[in-house]
Structure formats: C-alpha cells, structure tokens
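**Q** Each step along the sequence shown adds one to the number in my numbering, with nothing skipped, and position 128 is 640.
Before anything else, here's the structure in question.
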Amino acid sequence: MKTALFFVGITAYLASAFYPADALHWMVSAVSLLIVAAVFGFVKPFVRALGTIFVTIGIVLLAAHGAPWRSFISGFGNMMNILSLFALIPLIALPIELGNYGARIQAIIQKTVKHSGLLYLVTSALSYILSSFMNLATLPMVYHTIRSSLELYPIEQKERFMSRAITHGYSMPIVWTPVAPIVGIVVEMTGVKWSSILPVAIPFSVLGLVLDGMMGRWIAGRRLKRLGSEAAAQIFAARENAVRPKAGQNVREKAGHPGQIIAAIVLFNILISALEKYTHAGFLLLVSASVVPFAFVWSLLLGKGKLFLTKSRTMLPAHLMKMKEQFFVFLCAGFMISAIQSTGAGHVIGEWIIAAKDVVGPGVFLLLIPFIPFLLAFAGLHPAVGLALAAESLNPQALGISAWLVALAMLIGAATAFLMGPYNATAGMMAGLSGQSAFRVSNWNAPFTAAYLGLGIILLLMLEKVG
C-alpha cells in the first residue's frame, strides 16, 4: 500500500505540473497527508521525532494566524517535486549497468594503473564522473568496480582508502550537476538560472577534485616511503604477474566503452540547459521529466530497451520503499515551509537574518552561508531539507547579496554536508559498503572537507571582491 501511495503521489505531482488543475493539486496534498500517516509507525524514532516537530510548528503557525481548515491539508505536498526527482534519478543508472561499463573500467585500471597514488586519482575521478549522472548509485558501483583491485597495491587501510576516494569524488559535482536534487532546490529557491552558475561551479568542482588528487598522492608517497624500496618492488612484481591476461580471457567482451558515459553526461547537460532556456518549467520538473526518457533512449542504443523496462518495473517499487523516511521528513518539512510562507512568518525570520547581516557585514555573512547546511547535517537534517529551510529565509534581494553568489555559497555548504554529515545517505551507504560506522566514515573525510571549505571561502571572497 505504501509503495502505491508513493507512486500515486509522484504521478499526481507530475500531472499537476504539466496540467495545472485544482483537483490535481488537492490530490497531491491529500496523498501526501496519507503518506505521512501511513509511514509514521515505520520510520526510525529520530526521523519520526524530526517530522513531528516540523508538523507541530506548521500547525501552531497556521492555528495562531487563524488559517482556514483547508490550509492544514493543502500545506502538504510542498516538496513532492524534490521527492519525484529522488525517486526517478536512480533509473538513469540502469543504462550504465546494462552497458557493463564497470568490467571495461576494471580491466583498464588493472592494466594501466601502476601505483596506489594513481589508483586513488582514478577512483576519485571515476566517482566524480559517475556522480555527475548517477547520484547516490555511484557509491556501490565504484566500490565494487575498484575494491578487488586494491589487493594488488600496498595499501594497509583499504576501506579508508576506498571511502575517501569515492566520497570525495562523489561530492564534488553536487555544486552543479542537474541530477543532484540539491542543485534544483537552490536554483528554484534563489531564482538563479542553472546555466549562470555553471561557468564558476564546474571549474570549482574540478579544482576540488584536483585538490583531492594531490592530497591522495601525497598520502600514497608517504606510504611508499614507510614500505621501503625492496618491499615495494616485490609488490609491484606480484601485481604485474596478477594482472597478466590469462589464456582465452576477453574482458572487453560485451562491455561498453567508458567514453560513452562521458558523452551521455555532456548530452544530458546540454538537453537540460536547452530545456531551461526555451521552456518556462521549473528546474526540478525539467530534470524529473527528462531522466526516464533519456535513460530509455540510451538503453535502446545499447540494444537493451526491453531489458530497461523489465528492470525498471522491479527497481522502482523497491527503491520507493527504501525512500519511506525521505518521504516522511520531506513532506513534514514541506508542510512547515508552506505554513511559514502562508502566515508571513518567513518575513520575521528574514528580518532577524538581515539584522545579523547588518552586524557582521554582507561580506562576512556570505562566508557564513556554507556553514548552515554543514552544521544542520550534524543536527540530523538531510542537506536537501537543511537547504530548503535555509533558502526559504535567505532572500538574496533583501540581503543585498547577489543571488548567484548566495546559490554558490549554499551549494558549497551542501557539498561539505555530504562529505561529513554522519546521518545522510552518503555516510550510511559508505558505512554499509566498508563495514565501518557512519561516524568513522565522517571522520575520515574531515581533512579534505576542511581544505575544500577553505577553498570555497577563498572563491567566495574573490567573487565578492570582483562583484
């Protein structure tokens, strides 16, 4: 029943977005309320408490302002646009699975990568490329593609190596890729054009990747010095023997070329950019509506169109069931945001924020924005929820700060939240893959997160000075 409610809610939202009608909007709200009630007893206590706080604040605000009874229902469904994207994005990973690209990548790595420093660079870069397209599905794919190769290199703490390389590379595209719901939230709530932030966001994310590669190679260099030249030579010889092709082995058979993934990323970004320019639809809607057709066409080109449909029918219901906590928290937070908007409470919060900005100055205030989603992540809020709450109160025009600078600051903060937030899905999934606790995964990322945040602050200072 819960899966059916999730599916009906998403379908109703997409229908209402393309064919606006009061009946469809009410259906989205009613189904959202039913979802909250249906999953209430099936989510973790912390998540239940968080959602209850959000709903309670919303009810108190509406009741205090004498809102009509309809507002207590219509307030739900405010974040169904974000949830729709979360639900549909994993389907874009199917063509990568169907194309068997992982086997080809693994063969190339084992054949060409000679030392652990380069392996770290390749792992981080692969995670970056796939994250630009696959979002959270990147983590298990890169882990299972690379993990077996680690036995061929002198790496003592293999799980720490994997966790750092994957999560660092994964988090960098979050500042620009359209498949990251975070980007859609920031774009829609600040009113900036997605294409306007790309000339800065993409080079900055690549700079973050380069920084990570430099730190990884430095650590690898220290590791080799501790190991000694003789032991390193023995391990290198053993690795060469292990990767020598065996008779009759053909690793390239039925494996797609990795260059096809890069081509698909470029084409998808061109598609979204064109749709944003020539249509009046919201950014989140554009991405949500484009994901499935694009993935299906890609699968058709691979000769796997029918298999894509078969796997989608199995994958989507299973994925929706895993999203029950996201549905609960996001819909409850959306209700609170709706109450803040309809009662004018946001103006009061905005006045407090403007007062704080006047005390510290706009330049310093801009530098504090990245810390908002970062700190909220440690309070247990998903970066998307934290950003939605923050963006509702941070009005760039009222603050007297450029909207795209505010957007960039939020996105940098979101990346740090994904890097170190111990309660988000990134840490949880990496903890499951590596067999470690989420807090340990978070601690492993601390040095790079600090360096990346410092890099982000330098960028914001330079951009603020340029004006």
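C-beta atoms are modelled at their ideal positions from N, C-alpha and C, and glycine is treated no differently.
Small disclaimer: the values here were computed from a predicted structure and weren't measured.
1) Sort Ser596, Gly873, Pro885 by Cα distance to threonine 835 and report the nearest one.
2) Assuming alanine 926 and isoleucine 686 form a contact by the criterion Cβ under 8 angstroms, report the distance between their Cβ atoms to the nearest whole angstrom.
3) Can you tell me which of Ile865, Phe890, His894 puts its alpha carbon nearest to the alpha carbon of isoleucine 881?
4) Compare the Cα-Cα distances from glycine 725 to each of Met674, Val634, Leu562 and report the closest residue.
5) Under a three-way DSSP split, which group does phenylalanine 584 fall into?
6) Just to confirm, are glycine 681 and serine 644 a CB contact at a threshold of 8 angstroms?
7) So is serine 628 buried or exposed if we call it buried at 16+ other beta carbons inside 10 Å?
8) Less than 8 angstroms between C-beta atoms, sequence neighbours within five positions excluded: which residues of the same chain meet that for valine 978?
9) Answer with buried or exposed for phenylalanine 890, where buried requires no fewer than 16 other C-beta atoms within 10 angstroms of its C-beta.
10) Beta carbon of valine 551, beta carbon of phenylalanine 840: below 8 angstroms?
11) I'd like to check one pair, phenylalanine 820 with alanine 807: are the Cβ atoms closer than 8 angstroms?
12) Note down, in chain order, each residue of its chain lying with its Cβ closer than 8 angstroms to the Cβ of serine 802, except the 5 sequence neighbours on either side.
13) Does DSSP put serine 688 in a helix, a strand or coil?
14) Kindly list the residues whose CB is nearer than 6 angstroms to the CB of leucine 967, restricted to its own chain and excluding five residues on each side of it in sequence; keep chain order.
15) Assign methionine 513 to one of three DSSP states: helix, strand, or coil.
16) Indicate whether alanine 963 and valine 897 have their beta-carbon atoms separated by less than 8 angstroms.
17) Between which two residues does the alpha helix (DSSP H) carrying glutamine 618 extend?
18) When you compare the stretch 920-939 with the stretch 656-665, are there three or more beta-carbon pairs, one atom per stretch, that lie closer than 8 angstroms?
19) Whose CA, out of Arg582, Met646, Lys623, lies closest to the CA of isoleucine 604?
20) Kindly list the residues whose CB is nearer than 6 angstroms to the CB of serine 683, restricted to its own chain and excluding five residues on each side of it in sequence; keep chain order.
21) For the alpha helix (DSSP H) that arginine 676 lies in, which residues bound it at each end?
22) May I have the straight-line CA-CA distance separating alanine 910 from valine 654, to the nearest angstrom?
23) Determine the extent of the alpha helix (DSSP H) in which asparagine 955 is found, giving its start and end residues.
24) How should glycine 947 be labelled, buried or exposed, when 16 other C-beta atoms within 10 angstroms of its C-beta is the threshold for buried?
25) If contacts are defined as beta-carbon pairs under 8 angstroms, then asparagine 612 and glycine 768 qualify, I think. What distance do you get, rounded to the angstrom?
26) Where do the ends of the alpha helix (DSSP H) carrying serine 825 lie?
27) Given serine 717, which residues of its chain have a CB within under 7 angstroms of its CB, disregarding the five upstream and five downstream residues?
28) Excluding the five sequence neighbours on either side, which residues of its own chain have a C-beta within less than 6 angstroms of the C-beta of tyrosine 525, listed in chain order?
29) Would you give the residue range spanned by the alpha helix (DSSP H) that valine 555 belongs to?
30) Of the residues Phe842, Ala776, Val871, Ile852, which one's Cα is nearest the Cα of isoleucine 641?
31) My assumption, with CB atoms under 8 angstroms, is that alanine 527 sits in contact with leucine 517. Please give the rounded CB distance.
32) For the stretch 813-828 and the stretch 557-571, state whether three or more C-beta atom pairs, one from each stretch, are separated by less than 8 angstroms.
33) In this structure, how does DSSP classify glycine 892 when only helix, strand and coil are distinguished?
34) Decide if the stretch 914-925 is in contact with the stretch 934-945; the criterion is three or more beta carbon pairs, one per stretch, under 8 angstroms apart.
**A** Let me spell this out:
1) Here residue 835 refers to the residue found at position 323 of the sequence shown. It should be noted that the sequence gives methionine, not threonine, for residue 835. Of the listed residues, the one whose Cα sits closest to methionine 835 is Ser596.
2) Taking the first residue of the sequence shown as position 1, residue 926 is located at position 414. Taking the first residue of the sequence shown as position 1, residue 686 is located at position 174. 6 angstroms between Cβ atoms; contact.
3) Position 369 of the sequence shown, counted from the start, is the residue given in the question as residue 881. Selected option, being the one with the closest Cα: Ile865.
4) Within the sequence shown, residue 725 is the residue found at index 213, counting from 1. Of the candidates Met674, Val634, Leu562, the one whose C-alpha sits nearest the C-alpha of glycine 725 is Val634.
5) As a first step, residue 584 must be located in the sequence shown, where it is residue number 72. In the structure shown, phenylalanine 584 sits in a helix (DSSP, three-state: H, G or I).
6) Sequence index remark: in the sequence shown, residue 681 carries index 169 (1-based). Sequence index remark: in the sequence shown, residue 644 carries index 132 (1-based). Not closer than 8 angstroms, so no.
7) As a position in the sequence shown, residue 628 is number 116, starting the count at 1. Buried is the call here.
8) For this step, residue 978 is matched to residue 466 along the sequence shown. Taken in chain order, the list of residues that qualify is empty.
9) As a working note, residue 890 is residue 378 in the sequence shown. Counting Cβ neighbours within 10 Å, phenylalanine 890 comes out exposed, since fewer than 16 surround it.
10) If you number the sequence shown from 1, residue 551 lands on position 39. If you number the sequence shown from 1, residue 840 lands on position 328. Against a cut-off of 8 angstroms, the Cβ pair of phenylalanine 840 and valine 551 comes out as a contact.
11) To locate residue 807, count along the sequence shown from 1; it is residue 295. To locate residue 820, count along the sequence shown from 1; it is residue 308. Cβ distance < 8 angstroms, so alanine 807 and phenylalanine 820 count as in contact.
12) If you number the sequence shown from 1, residue 802 lands on position 290. Within the same chain, serine 802 has close Cβ partners Phe780, Leu783, Ile784, Leu787.
13) Against the sequence shown, residue 688 aligns to sequence position 176. Just to set this straight, residue 688 is tryptophan in the shown sequence, not serine. Here tryptophan 688 sits in coil by DSSP.
14) Walking along the sequence shown from the start, residue 967 turns up at place 455. None.
15) To locate residue 513, count along the sequence shown from 1; it is residue 1. In this structure, methionine 513 counts as coil in the three-state DSSP scheme.
16) The count along the sequence shown starts at 1 and reaches residue 963 at position 451. The count along the sequence shown starts at 1 and reaches residue 897 at position 385. No, Cβ-Cβ distance for alanine 963 and valine 897 is not below 8 angstroms.
17) Here the question's residue 618 lines up with position 106 in the sequence shown. It spans 613-624 - the alpha helix (DSSP H) in which glutamine 618 sits, taken as one unbroken run.
18) no
19) Numbered from its first residue, the sequence shown carries residue 604 at position 92. Closest option to isoleucine 604, Cα to Cα, is Met646.
20) For the purposes of this step, residue 683 is identified with residue 171 of the sequence shown, where counting begins at 1. Here the set comprises Ala927, Phe930, Leu931.
21) The residue given as residue 676 occupies position 164 in the sequence shown. Looking at the DSSP string, the run of the alpha helix (DSSP H) that includes arginine 676 is 670-683.
22) As a working note, residue 910 is residue 398 in the sequence shown. As a working note, residue 654 is residue 142 in the sequence shown. Spanning the two alpha carbons is a distance of roughly 43 angstroms.
23) One-based indexing of the sequence shown puts residue 955 at position 443. Segment 950-956, the alpha helix (DSSP H) holding asparagine 955.
24) Residue numbering aside, residue 947 sits at position 435 when the sequence shown is read from its first letter. Glycine 947 is exposed by the Cβ-count criterion.
25) Reading the sequence shown from its first residue, position 100 is the one you call residue 612. Reading the sequence shown from its first residue, position 256 is the one you call residue 768. Sure, about 6 angstroms apart at Cβ, within 8 angstroms.
26) Numbered from 1 along the sequence shown, position 313 holds the residue referred to as residue 825. Reading the sequence as shown, one finds arginine at residue 825 and not serine. Start and end: 817-834.
27) What you label residue 717 is simply residue 205 of the sequence shown in a count that begins at 1. So the list reads Met684, Pro685, Val687, Trp688, once near-sequence residues are dropped.
28) As a position in the sequence shown, residue 525 is number 13, starting the count at 1. Excluding residues within five positions, the ones whose Cβ falls inside 6 angstroms are Val540, Met592, Ser596.
29) Along the sequence shown, read from residue 1 onward, the residue named residue 555 stands at position 43. First-last for valine 555: undefined, no H or E at that position.
30) Counting from one through the sequence shown, the residue named residue 641 turns up at place 129. Residue Ala776 is the option with its Cα nearest to isoleucine 641.
31) Counting from 1 along the sequence shown, the entry for residue 527 is found at position 15. Counting from 1 along the sequence shown, the entry for residue 517 is found at position 5. Rounded, the Cβ-Cβ distance is 15 angstroms, inconsistent with contact.
32) no
33) If you number the sequence shown from 1, residue 892 lands on position 380. Correct three-state label for glycine 892: coil.
34) no
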